[in-house]
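Report on the structure given below.
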Amino acid sequence: MFPTLSHLVNYLLGTDFSWPIPTFGFFVGLSFVLSYLTFRAEFVRKERIGAITAFEERTPPVREIIWVILIGYGVTGFLIGYKGIAFFLDATAFWANPFRWIFSSDGHLLGGLILSSLFVAFILLTYKRSERKVAQDGIRTVHPKELMPTLVLWAAVTGFIGAKLLNIFEDYRLYQSHSIWDMLRFSGLTFWGGLLFGATSYLYIGMRKGIDWRHLADIGSLGMLVAYGVGRIGCHLSGDGDWGIVNTVEKPFSWLPNWMWSFNFPHNVIHQGVYMPGCTDKYCYVLPEGVFPTSFYESTAILLAFAVLWIIKGRIKMPGVLFTIYLFVISIERFLIEFIRVNYKFDVFGFLLSEAQLVSLGILLLAVFMVVYLSINRYNKLMKSRIQF
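Residue numbering for the sequence shown follows numbering that gives the first Met the number 0, starting at 0 and increasing by one per position.
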């Protein structure tokens with residue numbers, strides 16, 4: 000496995016350098032970038048075909064918000080200078096434990112004050128120019144794609160919080176042996192927590208701007224699929240524990256690589272399994288028995304579904320249909336994969352189901368509800384058009 004990005008690059012290119020950027024974190028970041036591009040492309044497409052439209056928004060004159068701007072840039076400049084200069088002066092402390100260092104009090108006070116002053120001075124110098132550029136009434140036309148920075152930022156923040164909270168709830172026994180810093184740094188994230196929290200903030204912001212929730216849901220469906228699929232690549236490559244149960248079943252196809260069927264996840268990022276004799280790396284553990292590489296299966300299934308929906312999206316005319324298909328895909332895929340994943344099971348009327356399976360059933364019911372809702376909505380529109388005719 001490749002716990003850091005340098006492990007992966009060294010394996011692919013035959014190089015030998017140390018760059019302690021977590022592989023899981025890199026792919027999470029990549030998933031955000033690709034999700035952002037997918038969202039934006041769909042907002043542009045929806046506006047082009049007239050499904051959603053631009054809207055007017057009041058922008059307060061610069062003089063009304065100048066103090067907010069000054070404080071925001073001042074604090075941002077201070078944090079960048081405080082931590083940034085400290086990093087260049089002593090990068091070793093950062094690389095020893097990046098997450099703990101970022102949230103510690105370590106920093107360069109003078110550097111923070113100097114950069115904060117420069118940021119504030121820059122804003123003051125450009126204040127009059129900015130005020131002239133904004134109309135007195137403060138009304139401007141906003142295209143839906145311009146909401147993307149706000150939408151993705153809040154969806155990412157709330158999604159990460161939700162994914163972490165639900166992961167801690169799911170694996171509380173594992174986290175009992177970790178400090179609060181380790182809990183925050185730990186790579187495990189729960190998809191459902193991220194989806195529910197992130198989607199709620201995304202829909203809330205979009206609907207406040209007057210965009211129909213069905214179009215928002217359709218746009219979000221493609222963006223979430225690509226984020227989920229790419230994120231699962233990070234899970235697999237880093238070996239973050241999202242693997243399956245022990246697989247002792249004989250490989251069904253001789254041409255299938257062994258790691259696609261049963262894998263031991265050597266050098267996994269969570270130090271699970273047995274110690275590898277002679278290993279001098281920081282990550283020296285391997286599972287004693289091969290397990291199902293479920294994160295690979297999920298990534299393959301989800302990205303394939305994304306590719307299919309991306310190809311046919313233009314043929315789907317009714318808003319909400321794409322979202323309904325998405326609900327069926329993620330609920331069925333997750334429900335089935337859980338049967339071969341390592342997870343705590345609950346006794347539900349005699350059936351042993353994981354928390355993810357229970358949530359999947361809820362999502363599946365929502366998908367069925369959407370089918371009924373869209374069918375009734377279509378029928379009512381059809382009857383209304385006949386009456387008018």
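All C-beta atoms in this analysis are idealised placements derived from N, C-alpha and C, irrespective of residue type, glycine included.
Alpha-carbon spacing of residue i relative to residue j, whole angstroms
{"i": "Tyr10", "j": "Pro2", "result": "12 Å"}
{"i": "Leu363", "j": "Tyr81", "result": "49 Å"}
{"i": "Leu224", "j": "Leu352", "result": "24 Å"}
{"i": "Phe348", "j": "Asp280", "result": "47 Å"}
{"i": "Lys316", "j": "Leu326", "result": "18 Å"}
{"i": "Ala155", "j": "Ile386", "result": "46 Å"}
{"i": "Asp105", "j": "Asp89", "result": "10 Å"}
{"i": "Lys380", "j": "Gly192", "result": "36 Å"}
{"i": "Phe31", "j": "Glu337", "result": "25 Å"}
{"i": "Ile310", "j": "Gly49", "result": "20 Å"}
{"i": "Gly110", "j": "Phe118", "result": "12 Å"}
{"i": "Asp217", "j": "Tyr203", "result": "15 Å"}
{"i": "Arg213", "j": "Gly319", "result": "5 Å"}
{"i": "Gly222", "j": "Phe291", "result": "27 Å"}
{"i": "Glu288", "j": "Val273", "result": "10 Å"}
{"i": "Pro256", "j": "Gly28", "result": "28 Å"}
{"i": "Trp153", "j": "Ala198", "result": "10 Å"}
{"i": "Leu114", "j": "Leu69", "result": "13 Å"}
{"i": "Thr125", "j": "Arg47", "result": "35 Å"}
{"i": "Ile324", "j": "Gly228", "result": "16 Å"}
{"i": "Thr157", "j": "Asp15", "result": "37 Å"}
Local conformation of residue i per DSSP, three classes
{"i": "Lys344", "result": "strand"}
{"i": "Ser261", "result": "coil"}
{"i": "Tyr282", "result": "coil"}
{"i": "Ser353", "result": "strand"}
{"i": "Thr3", "result": "strand"}
{"i": "Val401", "result": "With the chain covering 0 to 388 only, the question about residue 401 has no answer from this structure."}
{"i": "Val119", "result": "helix"}
{"i": "Gly393", "result": "Since the first residue of the chain shown is 0 and the last is 388, residue 393 is not available in this structure."}
{"i": "Gly158", "result": "helix"}
{"i": "Pro256", "result": "coil"}
{"i": "Gly240", "result": "coil"}
{"i": "Pro19", "result": "coil"}
{"i": "Val290", "result": "strand"}
{"i": "Val268", "result": "coil"}
{"i": "Lys316", "result": "coil"}
{"i": "Glu106", "result": "Just to set this straight, residue 106 is Gly in the shown sequence, not Glu. Here Gly106 sits in coil by DSSP."}
{"i": "Ile48", "result": "coil"}
{"i": "Asp217", "result": "helix"}
Per DSSP, cross-strand counterpart(s) of residue i
{"i": "Arg57", "result": "Ile138"}
{"i": "Phe209", "result": "It is Gly, not Phe, that sits at residue 209 in the sequence shown. Answer is none; Gly209 lacks a bridge partner."}
{"i": "Val273", "result": "Val285"}
{"i": "Pro148", "result": "Paired residues: none, contrary to the question."}
{"i": "Val371", "result": "DSSP output for Val371 lists no bridge partner at all."}
Local Cβ density within 10 Å of residue i, reported as buried at 16 or more and exposed below that
{"i": "Ile210", "result": "buried"}
{"i": "Ile301", "result": "buried"}
{"i": "Val43", "result": "exposed"}
{"i": "Ala162", "result": "buried"}
{"i": "Trp18", "result": "exposed"}
{"i": "Met382", "result": "exposed"}
{"i": "Thr293", "result": "buried"}
{"i": "Tyr296", "result": "buried"}
{"i": "Trp242", "result": "buried"}
{"i": "Leu146", "result": "buried"}
{"i": "Tyr343", "result": "exposed"}
{"i": "His266", "result": "buried"}
{"i": "Ile51", "result": "buried"}
{"i": "Lys144", "result": "buried"}
{"i": "His270", "result": "exposed"}
{"i": "Phe252", "result": "exposed"}
{"i": "Asn263", "result": "buried"}
{"i": "Arg57", "result": "exposed"}
{"i": "Ala53", "result": "exposed"}
{"i": "Ala120", "result": "exposed"}
Notebook entry, point to check: If you pair each beta-carbon of the segment 33–40 with each one of the segment 75–91, do three or more pairs fall below 8 Å?
Noted result: no
Margin query: For the pair the segment 295–315 and the segment 329–343, tell me if three or more CB-CB distances fall below 8 Å.
Written below: yes
Next item on the list: Report yes or no: do three or more beta-carbon pairs, one from the segment 231–241 and one from the segment 22–31, lie closer than 8 Å?
Entry: yes
Next item on the list: Count the C-beta pairs between the segment 368–380 and the segment 273–289 that are closer than 8 Å, then say yes if the count reaches three, no if not.
Entry: no
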